[in-house]
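Asker: Just dropping this structure here.
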Amino acid sequence: MVSSHVVYAAVPISVIVALGLIRKWRSRSWAKCTSNTCLRGKTFLITGANSGIGYETAKTLIRRKARVIFACRDITKAKEAIAEIRKEQPSGGELIPMQLDLSSFESIENFVEVVKAGFHKIDVLINNAGVYVPLKDDAKTKDGFELHMGVNHLGHFYLTNLLIDHLRRATPSRIVIVSSTLHEQGKLNFDDLNLRNEIELAKKGKVKGRHNPGYSNSKLMNVYFMRSLASQLRGTGIDVNACCPGFCSTNLFRNALRWYHYILMAPVLLMFMRSAQQGSETVLFCATDYSIEGKTGKFYRDCAEYNSKYLFDKTEETKLWEVSEQMIKARKPL
Ligand SMILES: NC(=O)c1ccc[n+]([C@@H]2O[C@H](COP(=O)([O-])OP(=O)(O)OC[C@H]3O[C@@H](n4cnc5c(N)ncnc54)[C@H](OP(=O)(O)O)[C@@H]3O)[C@@H](O)[C@H]2O)c1
């Protein structure tokens, strides 16, 4: 007769094995970047390279011998991330820690000055850094903009425009904007881009729907920025594309999710949540795969072109560009 101890042990072990198999089966549909060329001599600049998808992207680029600038809000975290990668990969590539706070126009300008003094060209700019905070926190950038718009969109908008000449010197070069398919839930109200109304409602606990409009809107702005810039730069040798890494286990939701959310959502997470490394595959594809050289203005997911469900509008696109420029010039919310 089988002892009760064996049964007690067998049940959880079987459940764990079954869950592992389900996850393995599920992850077969998550594409991998197959490009493996040597990237010696190429300079990549990644914002937010100390954590999550940016960190995993940097790690692979280093393995492929690239030079990677870690543009990070916290220079200590940048150095720690570099030390961690160096422990695993003592040789290959070059890792450069630099301080960049995308929530401050002054920090962006200082950063660009240092980049221009130290590097002749940038081959690939990866706008990866991002924030996700509860709307009720009413978080703002140093210049007073709603945090998601300020960091995820405005900071990268300004940084990219300041670095265009450096990308021109490296043509064929690339700009990769890490967005999300959540952009499809975005809705731009040009009378209230800083979301004052929705933030006040959130503070009173009267939020409609589950999604965070600050985050979704900023990811929509990412895609509009990509589309505008791609058409402006068409024919110059600088390709501009955006991508969604998929739903990944990173630090992004640290301010929004508690430990019990992870337990409650465990089955969903198991089926849909990728590791940061799995999430980095599409970013790497957009940044390095030769099959898409010369393709610009596209959105990628799972290493393939993705047709957004959002109905893009040229007037909205132009207006966002103009308003972004005005906000940077004014250095305060309009
Ligand atoms: N994770 C997902 O499920 C998912 C899904 C779709 C799209 N994305 C996108 O993927 C990108 C990477 O996010 P992740 O998931 O890897 O999250 P993460 O682990 O939290 O990494 C985000 C990075 O952005 C940096 N950052 C935040 N604010 C910054 C600022 N003001 N200046 C400079 N850097 C700043 C963070 O620095 P600190 O470490 O100092 O905070 C961190 O290095 C984001 O654009 C996100 O929107 C993620």
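Mapping of the sequence shown onto my numbering: position 35 corresponds to residue 859, and the numbering continues sequentially without gaps. C-beta atoms are modelled at their ideal positions from N, C-alpha and C, and glycine is treated no differently. Note that this is a predicted model, so its numbers are computed, not measured.
1. Taking 8 Å as the cut-off, is the beta-carbon of valine 841 closer than that to any non-hydrogen atom of ligand 1?
2. Any heavy atom of ligand 1 inside 8 Å of the beta-carbon of glycine 916?
3. Going by beta carbon distance, what residues of the same chain come within less than 7 Å of isoleucine 886, once the five residues before and after it are set aside?
4. Short check: CB of tyrosine 982 to CB of phenylalanine 929, under 9 Å?
5. Between the region 860 to 871 and the region 944 to 954, do three or more beta carbon pairs fall short of 8 Å?
6. If contact is defined by three or more beta carbon pairs under 8 Å, each pair taking one atom from either stretch, is the region 984 to 1001 in contact with the region 1010 to 1021?
7. Do glycine 1061 and threonine 995 come within 9 Å of each other at the CB atom, strictly closer than that value?
8. Please name the residue, chosen from Lys1027, Val938, Tyr1130, that lies closest to histidine 990 on a Cα-to-Cα basis.
9. So within the region 871 to 941, which uninterrupted alpha helix (DSSP H) runs reach at least 4 residues, ignoring any that extend past its ends?
10. Would glycine 1070 and asparagine 952 be called neighbours here (beta carbons separated by less than 9 Å)?
11. Given a cut-off of 9 Å, decide if serine 1042 and valine 975 are closer than it, judged by their beta-carbon atoms.
12. Quick one: residues in its chain with C-beta nearer than 8 Å to the C-beta of tyrosine 1114, no 5 flanking neighbours on either side, listed in chain order?
13. Contact check, glycine 1010 vs serine 1040 under 8 Å by CB: the rounded distance?
14. Grab the span of the beta strand (DSSP E) containing tyrosine 1124 for me, first residue to last.
15. Can you tell me which of Ser1099, Cys896, Phe1136 puts its alpha carbon nearest to the alpha carbon of serine 766?
16. How about methionine 1050 and glycine 968: are their beta carbons less than 9 Å apart?
17. Take isoleucine 846 and list the residues in its own chain whose beta-carbon comes closer than 8 Å to its own, dropping the five residues that flank it on each side.
18. Work out the CA separation of isoleucine 988 and asparagine 1065 for me, nearest whole Å.
19. Write down every uninterrupted run of the beta strand (DSSP E) in the region 1108 to 1154 whose length is 3 residues or greater and which is fully enclosed by it, in chain order.
20. Less than 8 Å between the CB of isoleucine 906 and some heavy atom of ligand 1, yes or no?
21. Does at least one heavy atom of ligand 1 sit under 8 Å from the Cβ of isoleucine 877?
22. Quick one: is the Cβ of cysteine 896 within less than 8 Å of any heavy atom of ligand 1?
23. Tell me which residues share the same chain as leucine 978 and place their Cβ nearer than 7 Å to its Cβ, disregarding the 5 neighbours each side in the sequence.
24. In its own chain, which residues sit with a C-beta less than 6 Å from the C-beta of alanine 905, not counting the 5 before and 5 after it?
25. Which value, in whole angstroms, describes the spacing of the CA atoms of alanine 1080 and serine 931?
26. If you draw a straight line from the alpha carbon of phenylalanine 1123 to that of lysine 883, how long is it in whole angstroms?
27. With a threshold of 8 Å, establish whether the CB of alanine 1100 neighbours any heavy atom of ligand 1.
28. So which of Glu1140, Cys1067, Pro1091 has the shortest CA-CA distance to glutamate 1129?
29. Which of the three DSSP states, helix, strand or coil, is assigned to alanine 1066?
Answerer: On the basis of the data shown:
1. Outside the cutoff, so no.
2. Using a cutoff of 8 Å, the CB of glycine 916 does not count as near ligand 1, since none of the ligand's heavy atoms is closer than that.
3. Counting only Cβ-Cβ distances below 7 Å, and skipping sequence neighbours, we find Val892, Ile909, Gln913, Gly916, Gly917, Leu919.
4. Yes.
5. Touching, yes.
6. Not touching, per the Cβ criterion.
7. Their beta carbons are under 9 Å apart, which means threonine 995 touches glycine 1061 by this criterion.
8. Of the listed residues, the one whose Cα sits closest to histidine 990 is Val938.
9. Runs of the alpha helix (DSSP H) inside the region 871 to 941: 876 to 887, 899 to 912.
10. No, the Cβ-Cβ distance between glycine 1070 and asparagine 952 is not below 9 Å.
11. It is a contact, given that the beta carbons lie within the stated cut-off.
12. Apart from the 5 residues on each side of it in sequence, tyrosine 1114 sits with its Cβ closer than 8 Å to the Cβ of Ser859, Thr861 in its chain, given in chain order.
13. About 4 Å; that satisfies the 8 Å criterion.
14. First-last of the beta strand (DSSP E) with tyrosine 1124: 1123 to 1125.
15. Any question about residue 766 goes unanswered here, given that the chain covers just 825 to 1158.
16. For the 9 Å CB-CB criterion, methionine 1050 and glycine 968 do not form a contact.
17. The beta carbon of isoleucine 846 sits closer than 8 Å to the beta carbons of Leu1094, Met1095 from its chain, once the five residues preceding and following it are set aside; these are given in chain order.
18. Rounded to the nearest angstrom, the gap between the Cα atoms of asparagine 1065 and isoleucine 988 is 15 Å.
19. As far as the region 1108 to 1154 is concerned, its whole beta strand (DSSP E) runs of at least 3 residues are 1123 to 1125.
20. Incorrect: isoleucine 906 has no Cβ contact closer than 8 Å to ligand 1.
21. Between ligand 1 and the CB of isoleucine 877, the shortest heavy atom gap is smaller than 8 Å.
22. Yes - ligand 1 has a heavy atom lying nearer than 8 Å to the Cβ of cysteine 896.
23. Result list for leucine 978: Phe969, Ser1148, Met1151, Ile1152, in chain order.
24. Apart from sequence neighbours up to five positions away, the residues of its chain that approach alanine 905 with a beta-carbon distance below 6 Å are Asn874, Tyr879, ordered along the chain.
25. Cα to Cα, the separation comes out at about 26 Å.
26. Cα atoms of phenylalanine 1123 and lysine 883: separation of roughly 23 Å, rounded to the nearest angstrom.
27. Answer for alanine 1100: yes, Cβ within range of ligand 1.
28. The shortest Cα separation from glutamate 1129 among Glu1140, Cys1067, Pro1091 belongs to Cys1067.
29. In this structure, DSSP gives alanine 1066 an extended state, which the three-state scheme calls strand.
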